[in-house]
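Structure first, then comments.
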Amino acid sequence: MRKRTRSEEVIRRDRRVFMTTTREAASFVVDHGEGEFAYDIDGNKVLDFTSFISVYNFGVNSSKAVRNAIKAQVDKMMHAAFMDYYSELPVSFAELLIRQFPNGFGKVFLSNSGTEANEDAIKIARYNTRKHYLISFYGAFHGRSLGSLSLTASRNVQRAYLGPFSEVIHAPYPNPYRCAFGTDNEEECGREHVEYIREHILKREAAAGEIAAIFMEPIQGEGGYIVPPKSFVRGIRELADENNIVLVSDEVQAGYMRTGKFLALDNFGVRADIYTMAKSIGAGLPMAATIANNRLSSMPQGKHSGTFGGNLAAVAGAYEQLKHVTRNSHKIEREVKEKGRLAMKRLLEMRDSYEIVGDARGIGLMLAIELVRDKGSKEPAPELRDRVVKRALDNGLLLLGCGDSSIRVIPPLTISRGSLERGLDILDAAIKDGR
Ligand SMILES: Cc1ncc(COP(=O)(O)O)c(C=O)c1O
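Counting in the working numbering, the sequence shown runs from 900 upward without gaps.
Right, dumping it as structure tokens:
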């Protein structure tokens, strides 16, 4: 059991001063961290399987080189009102970022968070198409500011009594583990979901001529780490093309090498018209980017801006990290795939060994298991999931839930194989004890 004297005192003080948030935070009071480890203020060490909510893809507290770049920039100039005055660093960063995108992607907008990146994408899509409806999916999480929250349909507590919302139509997202159309054939499940949009949404709710954009997570994150069938992702691209609808890939959680590829959508052989990125792109500082193809990139001056977008300290870290990622992308991809295979093998063994592990899924190191009451009913088991997460923390492993009763396995991509195995051992033991 962990020693927790100082932690408990900080938690008591925290509860007195902060507004309640959406979810009870894990009772871990962070002090510092490095690599795949973090320490609380009582000196307890934990292994991180969360990348601190997908932000530290390249190690907790990022690399020394990233930290040094940030420190040097802090001494020189932190904020230079990039939206109002020119500076070189964000230009260099954007030039390198654009090179990671398909031909025809020439323009970037920098902001500070995933929700902002999606707000920008909404504006770009609406302005350029002069259409107003948006389509997103049940289970989607695109952020919490009101435009992005209109797209989000993850859990109703996030939306209740906060409307009215923007005009968004939510469609079912295909979950091969429990296909809403009752088929076990993954690709057929994907096709049925596209057909639903054609038959029900486009014919009954809104004409294609009114729909500006479809927002899609290439792997649904907060909604449960659900990997859609290829037929679905490709079908959505076709549907968007046929109807002059902008396809937005929200890469905030799935992108930036998490699946082994810079863009998670590349796993499906599909291109979007706009990509949004945040979390790991900033290497620990708030930073986000919206990248649009040239066809959509012209917005009149004054249409969109922000105070902190392109903040020099944030860009310094992001640029240093991006240089590392682009120079080593093949090696990183190889390692992510290899570690992902190792982890997936263990997760599948857990699924096969325990009645309460219904599913194991993911791509690269964006993995999850789903806990259920039993395999036959597939009924979600949120209390059981919470107990497993808590027990793992008591045994030194930081985990994070998603969906109704799933657990993410998203360690920093730089994790050693030994630590990965060790974390999976702790997870396995926590499930065994939690049955
Ligand atoms: C896919 C996705 N989009 C958008 C967001 C919102 O990002 P932020 O919390 O930085 O606003 C998140 C956050 O979890 C996310 O996972």
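Ideal Cβ placement from N, Cα and C applies to all residues, glycine included.
Just so we're clear, the structure is a prediction, and the values are computed from it rather than from any experiment.
> Hey, residue 1106 and residue 1028: beta-carbon distance below 8 Å or not?
Replying inline: no
> Along the chain, which unbroken stretches of the alpha helix (DSSP H) at least 4 residues long are found entirely within the segment 1194-1281?
Replying inline: 1211-1226, 1228-1252
>> Going by beta-carbon coordinates alone, are residue 1183 and residue 1154 separated by less than 8 Å?
In response: no
> Among 1055, 1206, 915, which has the Cα closest to the Cα of residue 977?
Replying inline: 1206
> Between the Cα of residue 1268 and the Cα atoms of 1312, 1131, 1214, 1120, which residue gives the shortest distance?
Replying inline: 1120
> Is it true that the segment 1156-1167 meets the segment 1295-1307, where meeting means three or more beta-carbon pairs spaced less than 8 Å apart?
Replying inline: no
>> Using a Cβ-based criterion (distance less than 7 Å to any ligand heavy atom), does residue 1065 qualify as near ligand 1?
In response: no
> Is the distance from the Cβ of residue 1034 to the Cβ of residue 952 below 8 Å?
Replying inline: no
>> Considering just the uninterrupted stretch of the alpha helix (DSSP H) at residue 1022, what are its terminal residues?
In response: 1013-1028
> Is residue 1011 closer than 8 Å to residue 1185 when the C-beta atoms are compared?
Replying inline: yes
>> I'd like the list of long-range same chain contacts for residue 1193, defined as Cβ closer than 6 Å, with 5 residues on each side in sequence excluded.
In response: 1003, 1005
>> By the DSSP assignment, the beta strand (DSSP E) with residue 932 in it spans what residues?
In response: 929-933
> Using CA coordinates, which residue listed in 1254, 1293, 1059, 1220 is at the minimum distance from residue 962?
Replying inline: 1220
> Measuring CB to CB, does residue 909 end up less than 8 Å from residue 940?
Replying inline: yes
> Using the rule of at least 16 other Cβ atoms within 10 Å of the residue's Cβ for burial, across every protein chain shown, is residue 1064 buried or exposed?
Replying inline: exposed
>> I need the straight-line Cα distance from residue 1086 to residue 1307, nearest angstrom please.
In response: 24 Å
> Would the C-beta of residue 1057 count as close to ligand 1, meaning under 7 Å from any of its heavy atoms?
Replying inline: no
> How long is the line joining the alpha carbons of residue 1272 and residue 1260, rounded to whole angstroms?
Replying inline: 18 Å
> Is there at least one non-hydrogen atom of ligand 1 closer than 7 Å to the beta-carbon of residue 1012?
Replying inline: yes
>> Nearer than 7 Å: is that true of the beta carbon of residue 1149 relative to any heavy atom of ligand 1?
In response: yes
> Does the distance from the C-beta atom of residue 1187 to that of residue 1016 stay below 8 Å?
Replying inline: yes
> Looking at the unbroken beta strand (DSSP E) that takes in residue 975, where does it start and where does it end?
Replying inline: Unbroken run through residue 975 is the alpha helix (DSSP H), 963-975; no beta strand (DSSP E).
> Which partner residues does residue 983 have in the DSSP bridge list?
Replying inline: Paired residue(s): none; residue 983 is not in a bridge.
> DSSP state of residue 1318, grouped into three classes?
Replying inline: helix
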